[in-house]
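When you line the sequence shown up against numbering that gives the first Met the number 0, it's residues 0 to 250, in that order.
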Amino acid sequence: MFNLFLQLAELIKTGDFAKMCAVTKKALYVYEAKGLLRPAVVKDNGYRYYRLEQVDQVATIRLLEKLGSSLQEVGDFFALKDLNERQKYLGKQQEAVEREMAELGKIKSSLEFFDQRISDLKQTGLKKVAVETCPEEYLEVSPFRHGVSLNPISFGPRYGVIVDDFEKAEISRFFKVVERKEGNYVKVAGKYACFYQEMENDDVAGNGPKALEYLRSKAKVVPPFYQEDFSSSVLGHDGSVIIKYSAKLDL
0 MFNLFLQLAE LIKTGDFAKM CAVTKKALYV YEAKGLLRPA VVKDNGYRYY
50 RLEQVDQVAT IRLLEKLGSS LQEVGDFFAL KDLNERQKYL GKQQEAVERE
100 MAELGKIKSS LEFFDQRISD LKQTGLKKVA VETCPEEYLE VSPFRHGVSL
150 NPISFGPRYG VIVDDFEKAE ISRFFKVVER KEGNYVKVAG KYACFYQEME
200 NDDVAGNGPK ALEYLRSKAK VVPPFYQEDF SSSVLGHDGS VIIKYSAKLD
250 L
């Protein structure tokens with residue numbers, strides 16, 4: 000215990016203290032200027048020294064900074080005397096972190112989807128019908144409307160259109176893949192015939208009937224017919240896009 004007290008009482012030079020805290024010396028000077036962290040000792044020659052226990056204070060400043068707090072807000076937090084007020088502030092930061100984690104989770108899911116889609120395309124190739132086993136998926140489906148632009152900003156990474164009547168071969172609904180609680184339509188699990196096709200972006204809208212005819216010539220399928228990644232350029236290049244077409248096999 001005596002040795003611990005000696006250690007706590009030991010003065011640490013600015014450079015060594017900065018390394019200990021994984022910050023720059025400049026950051027320590029800024030914290031001091033903002034009134035957030037004062038050196039334990041400032042000698043006549045201007046040299047600054049810190050104590051080991053001040054590492055915790057730096058860690059708190061860095062934590063709040065990482066949570067998005069400005070140095071002014073960090074100072075306001077330290078000025079709070081009421082623990083309930085500090086708890087309230089930290090609760091708001093926790094809510095912000097949870098929102099950011101949810102958003103990062105969506106981004107991670109999108110990246111995983113793109114990676115899987117590229118792997119599938121590499122394995123299947125273009126204009127080659129393959130059979131895949133799909134799990135149950137939940138979609139948010141809305142009626143088809145002219146003049147609506149489908150894009151990943153408003154519809155997410157997985158979206159497209161549905162053809163319900165094979166004979167008319169006309170787009171009847173929009174869809175986007177969502178979480179179960181957000182869905183109003185279930186894409187049933189099962190075996191689906193599918194293929195990828197590359198084309199110019201301007202040709203996508205009118206290609207659906209031809210794609211459906213091609214798929215029906217290669218496999219016995221039942222409605223609906225899914226045109227997935229409508230107008231997506233994630234897999235395309237040089238102005239082209241790659242679309243995935245699929246329908247459930249009639250087994």
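Cβ coordinates follow ideal geometry from the N, Cα and C atoms, glycine included.
Since the model is a prediction, treat every value here as computed from it, not as a measurement.
From the options, residue whose alpha carbon lies closest to that of residue i
{"i": "R179", "options": "L138, D163, R37, G205", "result": "L138"}
{"i": "M198", "options": "K209, S239, S216", "result": "S239"}
{"i": "P223", "options": "Y158, L211, A101", "result": "L211"}
{"i": "I11", "options": "E31, E136, Y30, E52", "result": "E52"}
{"i": "K247", "options": "K121, K217, V233", "result": "K217"}
{"i": "V128", "options": "T23, A192, G182", "result": "A192"}
{"i": "V260", "options": "L63, Q71, L70", "result": "Examination of residue 260 is not possible in this model, given that the chain is present from 0 through 250 alone."}
{"i": "A58", "options": "L82, K25, C20, Y28", "result": "C20"}
{"i": "A17", "options": "R50, V176, K126", "result": "R50"}
{"i": "K65", "options": "D228, E99, V54", "result": "E99"}
{"i": "D237", "options": "N200, A26, K243, V221", "result": "N200"}
Buried/exposed call for residue i, threshold 16 Cβ in 10 Å
{"i": "D15", "result": "exposed"}
{"i": "P38", "result": "buried"}
{"i": "I60", "result": "buried"}
{"i": "Y158", "result": "buried"}
{"i": "L250", "result": "exposed"}
{"i": "L35", "result": "buried"}
{"i": "Q115", "result": "exposed"}
{"i": "R47", "result": "buried"}
{"i": "L214", "result": "buried"}
{"i": "K121", "result": "exposed"}
{"i": "D228", "result": "buried"}
{"i": "I241", "result": "buried"}
Beta carbon of residue i nearer than 8 Å to that of residue j
{"i": "I170", "j": "V162", "result": "yes"}
{"i": "T123", "j": "Y195", "result": "yes"}
{"i": "P172", "j": "V147", "result": "A small fix is needed here, since residue 172 is Arg in this sequence, not Pro. No, Cβ-Cβ distance for R172 and V147 is not below 8 Å."}
{"i": "A168", "j": "G207", "result": "yes"}
{"i": "E135", "j": "V54", "result": "no"}
{"i": "Q226", "j": "V160", "result": "yes"}
{"i": "F113", "j": "V29", "result": "no"}
{"i": "T13", "j": "K25", "result": "no"}
Q: Check whether the stretch 40–51 touches the stretch 64–82, taking contact to mean three or more Cβ pairs, one atom from each stretch, closer than 8 Å.
A: The count of Cβ pairs closer than 8 Å, one atom from the stretch 40–51 and one from the stretch 64–82, stays below three, leaving the stretches out of contact.
Q: Give a yes or no on contact between the stretch 143–157 and the stretch 84–96, applying the rule of three or more CB pairs nearer than 8 Å.
A: Verdict: no, contact absent.
(Q) In chain order, what are the residue ranges of uninterrupted beta strand (DSSP E) at least 3 long that sit wholly in the stretch 125–187? (A) For the stretch 125–187, the full-length beta strand (DSSP E) segments reaching 3 residues or more read 129–133, 136–142, 158–162, 170–176, 184–186 along the chain.
Q) Can you list the alpha helix (DSSP H) stretches of 4 or more residues lying completely in the stretch 59–92, in chain order? A) Qualifying alpha helix (DSSP H) stretches, in chain order: 70–78.
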